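End of the sequence shown sits at 201 in this note's numbering; the numbers just go up one at a time, nothing left out.
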Amino acid sequence: MTKNIMIVGVGGQGALLASKTLGQVLLDAGYDVKVSEVHGMSQRGGSVVTYVRFGDKVYSPIIDKGEADFIVSFELLEAARYTEYLKKDGQIVVNTQQIDPMPVITGATEYPENLVDTMKSKGIKVDSLDCLSLAEQAGTAKSVNIVLMGRLSKYMDFPETAWLSAIEKLVKPQFLEMNKKAFMLGRNQ
13 MTKNIMIVGV
23 GGQGALLASK
33 TLGQVLLDAG
43 YDVKVSEVHG
53 MSQRGGSVVT
63 YVRFGDKVYS
73 PIIDKGEADF
83 IVSFELLEAA
93 RYTEYLKKDG
103 QIVVNTQQID
113 PMPVITGATE
123 YPENLVDTMK
133 SKGIKVDSLD
143 CLSLAEQAGT
153 AKSVNIVLMG
163 RLSKYMDFPE
173 TAWLSAIEKL
183 VKPQFLEMNK
193 KAFMLGRNQ
């Protein structure tokens, strides 16, 4: 059986490292893994989506609407934007940070209110967490991605040591302890 995870956010937030970390955990566990990155206007703060699929044998890296077991979102509006991709019993893990898209910045529209409550009212399972504050507590706002991986790890059947090993393989030595701390803060909240 193939499992599907979407990682969504805004360009520059670290979705690539998050998908590499998740992919490393899955590869180390012996799964066939396919990762596909769909970049929007990532250099300009646009939407960025990464698909991670794993199982005994995965033939395509693409996740269609209604197929995602998990959506991991770096930002509230991005989580709400991709809910149609979530399976009926799927789980959203979302950072509560709000990043205004260009139409909000220019005053053409307003940022939607109560997005977590709106998603929950539709029967969607949402785990929302202030990952930015936890990342700052770990030592840098740039580790929001690893805080999110810590939170996702609570829902996946892989030991903590597997995640920490993946982080050790991917993160530069000077940032390793900060990222391990960020992972643990996300996992243990």
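Each residue gets a CB set at the ideal place from its N, CA and C atoms; glycine is no exception. What you are looking at is a predicted structure, and each value in this text was computed from that prediction instead of being measured.
{"Asked": "Straight-line gap, Gly151 to Met190 (C-alpha atoms, nearest Å)", "Found": "6 Å"}
{"Asked": "Three-state secondary structure (DSSP) of Leu80", "Found": "Reading off the sequence, residue 80 comes out as Ala, not Leu. Residue state, collapsed to three classes: strand."}
{"Asked": "For Lys15 and Val22, the rounded distance between their alpha carbons", "Found": "24 Å"}
{"Asked": "Straight-line Cα distance separating Val64 from Asp40", "Found": "15 Å"}
{"Asked": "As assigned by DSSP and simplified to three states, the class of Ser72", "Found": "coil"}
{"Asked": "Integer Cβ distance of Ala27 from Ile17, believed to fall under 8 Å", "Found": "Their Cβ separation, rounded to whole angstroms, is 12 Å, which puts Ala27 and Ile17 out of contact at 8 Å."}
{"Asked": "Close Cβ partners of Asp44 (< 7 Å) along its chain, the five nearest in sequence each way excluded", "Found": "Phe66, Gly67, Asp68, Lys69 and Val70"}
{"Asked": "Any non-hydrogen atom of the ligand MN closer than 7 Å to Ser140 Cβ", "Found": "Absence of the ligand MN is noted for the structure shown, with no ligands found whatsoever."}
{"Asked": "Leu176 vs Val159 beta-carbon contact at 8 Å", "Found": "no"}
{"Asked": "Cβ-Cβ separation, Phe86 to Asn107 (assumed contact under 8 Å), whole Å", "Found": "5 Å"}
{"Asked": "The region 87-107 contacting the region 122-135, beta-carbon criterion three pairs below 8 Å", "Found": "yes"}
{"Asked": "Other residues of its chain near Phe195: CB distance less than 8 Å, five sequence neighbours each side excluded", "Found": "Ile158, Val159, Met161, Gly162, Ser165, Trp175, Leu176 and Ile179"}
{"Asked": "Contact check, Cys143 vs Gln109, beta carbons under 8 Å", "Found": "yes"}
{"Asked": "Contact belief for Leu89 with Leu127 at Cβ below 8 Å, rounded distance in angstroms", "Found": "7 Å"}
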